[in-house]
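Notes follow the structure.
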Amino acid sequence: MQRRRTHRQQPRFPDFSSDCRLTDTRPGRRRRILAATLFAIVAAAAVAWPYWPTVPPRWLPWTPLVIADAPNMLTGIKLARLGSDGAACRAVLDAAGIGFDPVPDRSTGAGCGFENAGRTGRGVTIAGSVTATCPLVVSWALFERHALQPAAEKHFDSPVTTARHYGTYACRNVYGRNTGRRSQHATANAIDIAGFTLRDGTTVSLQRDWDGPDARKAAFLTDVRDGACRFFRGVLGPDYNAAHRDHFHFDRGRWNACR
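In our numbering, the protein residues as written are 1129 to 1387.
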């Protein structure tokens, strides 16, 4: 009986055994490369060391987030860390003088409830007191200081005193549907903003002014939306769909969206 001829399967990764035998004959070169690399690292550290103490803390990844600091490429990283460190998150708010009264973790059903949450107080323009996750409040504080108030001063020469909203926590699915995934509101990780009141008495409404006749108010709301995208992960407004025609949705969820 004739034997079937088989072919040996090629290895998925290259076989480096021959290369190893080759490089073993030149150990001096490997040592020189390693030594040069180490020398370069040490030299770079020696040059940078005298200047290290002068680097602003906001540019050091291990320093705490400070709301008053000008945002930079590390702000988002520091903000993301607060989601798993309630004590550090509350310390950021305390340092900024923002009232935040922690509430016990709570489960109210499948996918509903909140952790690392509290009730907002002094230091933010959110109307009344709402229950929200600590990272959401920190995001709001950053947004208010570095986006909302600058936009108000730019367009009206008057600061925002109150942000009117439709709430934060609600145990529901997206769009209130009977089926589907849970909304970020189900974990107090989102807030819906309907409009703003300024110190000079000016009121701005998403429903009335997003595409309204007052160009100044429309430009202000556009700047607010664009600024919010720097500090929240999810930002949805009237340009997204009809369900958001009268409010901005801001959240600290998993997905990035700026619409």
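For each residue, glycine too, the CB sits at the ideal point set by N, CA and C. Bear in mind that the values here come from a model prediction, so they are computed numbers and not experimental data.
query: Under 8 Å: do the stretch 1227 to 1238 and the stretch 1191 to 1210 share three or more Cβ pairs, one atom per stretch?; result: no
query: Spatial neighbours of residue 1364 within its chain, please: C-beta separation below 8 Å, excluding the five flanking residues on both sides.; result: 1372, 1376, 1377, 1385, 1387
query: Could you tell me the boundaries of the beta strand (DSSP E) in which residue 1220 lies?; result: No beta strand (DSSP E) contains residue 1220, which is instead part of the alpha helix (DSSP H) from 1214 to 1223.
query: From what residue to what residue does the beta strand (DSSP E) around residue 1193 run?; result: Run containing residue 1193: none; DSSP gives neither H nor E here.
query: Report the partner residues of residue 1326 according to the DSSP bridge assignment.; result: 1288
query: For residue 1320, which beta-bridge partners are listed by DSSP?; result: 1295, 1377
query: Following the continuous beta strand (DSSP E) through residue 1332, name the residue where it begins and the one where it ends.; result: 1331 to 1333
query: For residue 1298, collect the residues of the same chain with a Cβ closer than 6 Å to its Cβ; drop the 5 residues on either side in sequence, then sort them by chain order.; result: 1313
query: What number of angstroms, rounded off, separates the C-alpha of residue 1349 from the C-alpha of residue 1338?; result: 7 Å
query: Taking the Cβ atom as the reference point for each residue, do residue 1196 and residue 1216 lie within a distance shorter than 9 Å?; result: no
query: Looking at C-alpha atoms only, which residue of 1353, 1157, 1264, 1250 is the closest neighbour of residue 1382?; result: 1264
query: Rounded to a whole number of angstroms, what is the C-alpha to C-alpha distance between residue 1317 and residue 1213?; result: 15 Å
query: Could you pull the DSSP bridge partners for residue 1385 from this structure?; result: 1362
query: Please give the ranges of any alpha helix (DSSP H) in the stretch 1229 to 1293, keeping only runs that are unbroken, at least 4 residues long and fully inside the region.; result: 1262 to 1271, 1277 to 1284
query: Under a Cβ-count criterion, where at least 16 other Cβ atoms within 10 Å of its own Cβ denotes burial, should residue 1190 be classed as buried or exposed?; result: exposed
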